[in-house]
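Residue numbers (the numbering used here), protein chains in the order written: chain A, 1 to 210; chain B, 1 to 210; chain C, 1 to 210; chain D, 1 to 210. Data first, discussion second: the structure below is written as structure tokens.
4 protein chains.
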Amino acid sequence: MPESNSSVAPAKPATARGQRTRNKLLDAAEQVFGIQGYDRASIVEITQLAGVAQGTFYVYFESKKSIFIELVETLGTNLRATLREAVAGIDTRLEVERVGLEAFLQFISSHEHMYKIVRQCEFVDEEVYRAYYTRMAAGYVAGLKGAMKRGEFRKLNPEAVAYALMGIFDFVGMRWILWEGKKPPKRIFDDVFALVAYGLTPDEDPRRGK
Amino acid sequence: MPESNSSVAPAKPATARGQRTRNKLLDAAEQVFGIQGYDRASIVEITQLAGVAQGTFYVYFESKKSIFIELVETLGTNLRATLREAVAGIDTRLEVERVGLEAFLQFISSHEHMYKIVRQCEFVDEEVYRAYYTRMAAGYVAGLKGAMKRGEFRKLNPEAVAYALMGIFDFVGMRWILWEGKKPPKRIFDDVFALVAYGLTPDEDPRRGK
Amino acid sequence: MPESNSSVAPAKPATARGQRTRNKLLDAAEQVFGIQGYDRASIVEITQLAGVAQGTFYVYFESKKSIFIELVETLGTNLRATLREAVAGIDTRLEVERVGLEAFLQFISSHEHMYKIVRQCEFVDEEVYRAYYTRMAAGYVAGLKGAMKRGEFRKLNPEAVAYALMGIFDFVGMRWILWEGKKPPKRIFDDVFALVAYGLTPDEDPRRGK
Amino acid sequence: MPESNSSVAPAKPATARGQRTRNKLLDAAEQVFGIQGYDRASIVEITQLAGVAQGTFYVYFESKKSIFIELVETLGTNLRATLREAVAGIDTRLEVERVGLEAFLQFISSHEHMYKIVRQCEFVDEEVYRAYYTRMAAGYVAGLKGAMKRGEFRKLNPEAVAYALMGIFDFVGMRWILWEGKKPPKRIFDDVFALVAYGLTPDEDPRRGK
DNA sequence: CATGAATGAGATTTCATTCAT
DNA sequence: AATGAATGAAATCTCATTCAT
């Protein structure tokens, strides 16, 4: 596996046609990485699925690794944006959590490969992998701090809570969406959320429960 | 002269010397798979670390995949046994959870590679990967059902709760043990556990909290 | 990072340069398989003789086996075509046999490796091996039937005769061309042919003998 | 494939037990070489089929090649002896041929692997391979010369005839016994023999035909 | 006599990447 | 911008053979 040495870093495409080709490659890569995993995925397969020649790949991407990382980062950015938009305008934090969970499950339902892609990233570039969760956690922490200060949530270490919540969402998503192939039934969703709600809101909070 | 008929499935070693060699290989494999991940790990590296010749590997294991799977299954079995022993004799379920979390974090602290190994398994053999969590979940579910029946825990779907708890433990372990390199500070541990405790125990339960 | 999904079946070369490379490989393979036999032949040796890099082989052929089979089938097709052309226009069947034997010996004289290649095929792909002789026999049978119906040849089971003739030619070719390195002297050729002629033509046939 | 260097050439077994083990290995080797061919056959497989440990092989045989050659030579010797015995006491040469063909087909019927073993030999040790046919041919030549001198057979080059006959027998054996799995039907046998008979015996010979 | 552990050379195959066109 | 031929390093796996017990 020669490490690129000379060769200029590919520039962004200048023409619309170039832009299109680049996107075809990204889409194909999402499929292939999602199904085969990073190491088993091959550039040939990606280019074939994209319908271009092998050499074309290196017109747009520096390496296999670089397209993978771009993919992970794009997915992360999109997921966070989706969540932000989903909860915009909601005024109780607990409701934010409910809608957030809902939106998260929805997002991974329609990006079936994202799970595997993100997880593979741990082995491809640890830094990028951590950044993915670190940024996600940062978003949570901000929201949680506010809710704790306002007394909506118990006063607990916000980072601990953030990772706990991400863990719950991740595993529930894996169990039902990845393995079952569909979003969890309402009964499961409600119970997961109840656990979260009781865990987060102070006993005396009248709004608690649903 | 390859293109063989799958040759001969390696038998268990007949002598103590053989047993020793096999173990050296397993130990080396745990290191190498843990550091490099399945695909990047190479048999050469494993045998070098084990201090045997390359061909010796195939005296004891059928393939790279087979030693990996043996490793994952052994780790799973050991972890479950450790947890079982840790909580034996404890009579309140909440305390079981606390001790269980403690033991889990302890276990992965001393098997630093287990995390990555288990996660890689998703890409190596999906069935084995699912079995790992399915069995773990089954253990939880049994305990949770009892606690719910006795009124110690809220009545929620036990499988949902099992995966939620595994998710919490997994992510907290990742964040502190994997990334930080040490067990989470008491403050974090307590807050994670508080979240779980409030989430699980009914409001009126006098034993709740710590 | 092997353990792939059979990757991509090599397409026919798109450029003249590619076609040239593919042919160089086929030529080299004929030499190497002919001298070493299938199993002892190695891809390295073939590519070295062809003057290309090892990986280039797999640009044009799926596997060692596939190039070998292509070789056998090509040889069979060429031999049959050569025989067909050699006897075209000849009107007595006995003369056809004489010219055919001549042409056969000539063909293997100038394809010194063909013998060993075809024989190895029995161990590489039995079906291809049988097809080689089955097709050859079919050609014979057609001609023999006609000659028998016209009374030129004795009425004998045509398939039996076809295999007997192929056996004679094969063994005579082996004894003189393969082992001696040159075509059998006239005296041998004539006696072999006499045996065939007397065996095939009815006693009263005035044209019999030479 | 290391070539043996030191290590003493294995002596013939001293005990009856040793003799038994050696024979078990030879029998197993006949099976394995016959089914897999020389190169694909492995010592492990032979020893497993023989029910002994891998190392035991080298107590009795110097190498893979040496057991193979012993096998070929034994088969050749046995075949020739069988033919000799079958035709002993027969006084017309044509009848000798008929009975010889019969006996040949019978022999290979009951040594199903012999065909492939002998053919593989061409690629293992050319000298042994030629000796196999050379000796067989020598037997024929002797008999043919006599028959020709006595006027029983046409005067043709005896070696040419010998190889032609061996070719016929070989190919007929291949077509019916190897491929069909049973001896050729009487009709085929008779026609093959008729071809031979008419080819060999002078026209005026009153005994000709059947 | 017999065993089974150990070796290491060698074989096929894959694939990211480069480059001339 | 796009192509497809070519490369060569590296990976997994096989197996004849040796050796200590």
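Glycine is no exception: its CB is placed at the ideal position from the N, C-alpha and C atoms.
Residue range of the alpha helix (DSSP H) that includes Q48 (chain B): Counting along the chain, the alpha helix (DSSP H) containing Q48 (chain B) begins and ends at I43 to A50.
Chain B contacts from the region 182-197 of chain A (Cβ-Cβ distance under 7 Å): Considering only beta carbons, the part of the region 182-197 of chain A lying closer than 7 Å to chain B consists of R187, I188, D191, V192, A194, L195 and V196, in chain order.
Any 3 or more C-beta pairs closer than 8 Å across the region 86-105 of chain C and the region 29-37 of chain C: When C-beta atoms of the region 86-105 of chain C are compared with those of the region 29-37 of chain C, fewer than three pairs fall below 8 Å, so the two segments do not count as touching.
Closest by C-alpha distance to A28 (chain B), when choosing among B:A9, B:K12 and B:V52: With distances taken between CA atoms, A28 (chain B) lies nearest to B:V52 out of B:A9, B:K12 and B:V52.
Straight-line gap, K155 (chain D) to W179 (chain D) (C-alpha atoms, nearest Å): Using only the alpha carbons, I get a separation of about 35 Å.
Spatial distance of N157 (chain D) from E159 (chain C) (CA atoms): Pairing N157 (chain D) with E159 (chain C), the inter-Cα distance amounts to about 27 Å.
Cβ shell of L195 (chain C) (< 8 Å), same chain only, five flanking positions each side left out: For L195 (chain C), where only same-chain residues beyond five positions count, the Cβ hits under 8 Å are I168.
C-beta neighbour in chain B for Y163 (chain A), strict 8 Å: Answer yes: the Cβ-Cβ gap between Y163 (chain A) and chain B drops below 8 Å somewhere.
Cα-Cα separation, E122 (chain B) to V99 (chain A): Rounded to the nearest whole angstrom, the CA to CA distance from E122 (chain B) to V99 (chain A) is 29 Å.
With 16 other Cβ atoms within 10 Å as the buried cut-off, status of P2 (chain A): Confidence at P2 (chain A) is low in this model, with a pLDDT of 38, below 50, so the placement of that residue is unreliable and no value is reported for it.
Closer than 8 Å to chain B by CB, P206 (chain A): Below a pLDDT of 50, predicted positions are generally treated as unreliable, and P206 (chain A), at 46, falls in that range; the measurement from the model is reported next regardless. Taking Cβ atoms only, chain B never reaches closer than 8 Å to P206 (chain A), which makes this a no.
Whole-number beta carbon distance between V128 (chain B) and I69 (chain B), since they are thought to touch under 8 Å: Their Cβ separation, rounded to whole angstroms, is 5 Å, which keeps I69 (chain B) and V128 (chain B) in contact under 8 Å.
Below-8 Å beta-carbon distance, L94 (chain C) vs any chain D residue: Not an interface residue.
Cβ of M114 (chain C) within 8 Å of any chain D Cβ: Against chain D, the CB of M114 (chain C) has no partner CB under 8 Å away; the residue lies outside that interface.
Pair within 8 Å by beta-carbon distance, P10 (chain D) and Q19 (chain D): Taking 8 Å as the Cβ cut-off, P10 (chain D) and Q19 (chain D) do not qualify as a contacting pair.
Cβ of F171 (chain D) within 8 Å of any chain C Cβ: At least one chain C Cβ lies under 8 Å of F171 (chain D).
Any chain A beta carbon closer than 8 Å to G235 (chain B): Given that chain B is displayed from residue 1 to residue 210, the structure contains no residue 235 (chain B) and the question cannot be resolved.
Nearest neighbour of T134 (chain B), chosen from A:A131, A:V161, A:E85 and A:V172 [CA to CA]: Among A:A131, A:V161, A:E85 and A:V172, the Cα nearest to that of T134 (chain B) is on A:V172.
Chain A within 8 Å of A138 (chain B), Cβ atoms only: Interface flag for A138 (chain B) against chain A is unset, since no Cβ pair is found closer than 8 Å.
K210 (chain C) versus E152 (chain C): straight-line alpha-carbon distance, rounded: For K210 (chain C), the pLDDT reaches just 44, beneath the cut-off of 50, and the residue's location in the model is therefore unreliable, leaving the point undetermined.
Residue-level contact to chain C via CB, F123 (chain D), 8 Å cutoff: With respect to chain C, the C-beta atom of F123 (chain D) has a partner C-beta closer than 8 Å.
P206 (chain D) to Y198 (chain D) span [Cα, whole Å]: Any reading at P206 (chain D) must be qualified, since the residue scores a pLDDT of 46, below 50, and its modelled position is unreliable; no value is offered.
C-beta contact flag for V192 (chain A) and A162 (chain A) at 8 Å: The answer is no: Cβ separation not under 8 Å.
Distance CB(K64 (chain A))-CB(I43 (chain A)) smaller than 8 Å: In this structure, I43 (chain A) lies closer than 8 Å to K64 (chain A) by Cβ.
Residue environment, P184 (chain D), which counts as buried when at least 16 other CB atoms sit within 10 Å: Per the 10 Å Cβ criterion, buried.
Closer than 8 Å to chain C by CB, R98 (chain D): R98 (chain D) has a beta carbon lying at 8 Å or more from every beta carbon in chain C.
Under 8 Å between C-beta atoms of S109 (chain D) and I188 (chain D): No, the Cβ-Cβ distance between S109 (chain D) and I188 (chain D) is not below 8 Å.
Interface flag, P2 (chain B) vs chain A, CB-CB below 8 Å: Note that P2 (chain B) scores 41 on pLDDT, short of 50, meaning its location in the model is unreliable and no value can be drawn from it.
Where K145 (chain C) sits in the DSSP three-state scheme: DSSP, read as helix, strand or coil, puts K145 (chain C) in helix.
Partners in chain B for N78 (chain A), counting only beta-carbon separations shorter than 7 Å: Those do not exist, as N78 (chain A) stays about 21 Å from chain B at its closest Cβ, beyond 7 Å.
Spatial neighbours of L79 (chain D) in its chain, beta-carbon cut-off 7 Å, leaving aside the 5 residues before and after: Same-chain partners within the cutoff: F107.
Contact set between N157 (chain D) and chain C, taken where Cβ atoms lie within less than 7 Å: Neighbours of N157 (chain D) on chain C, chain order: R187, I188 and D191.
CB contact below 8 Å: T21 (chain A) versus chain B: Chain B contact via Cβ: absent.
Beta-carbon gap between V124 (chain A) and Y38 (chain A) smaller than 8 Å: Cβ atoms of V124 (chain A) and Y38 (chain A): closer than 8 Å.
Classification of S6 (chain C) by the beta-carbon crowding that lies within 10 angstroms, buried from 16 upward: Confidence at S6 (chain C) is low in this model, with a pLDDT of 42, below 50, so its placement is unreliable and the value that follows should be read with caution. In this structure S6 (chain C) is exposed. Its beta-carbon is surrounded by fewer than 16 other beta-carbon atoms within 10 angstroms.
Outcome for S4 (chain A) when other beta-carbon atoms lying within 10 angstroms are tallied against a minimum of 16: The pLDDT assigned to S4 (chain A) is 37, lower than 50, so where the model puts this residue is not dependable; a value taken from the coordinates is nonetheless given after this. S4 (chain A) is exposed by the Cβ-count criterion.
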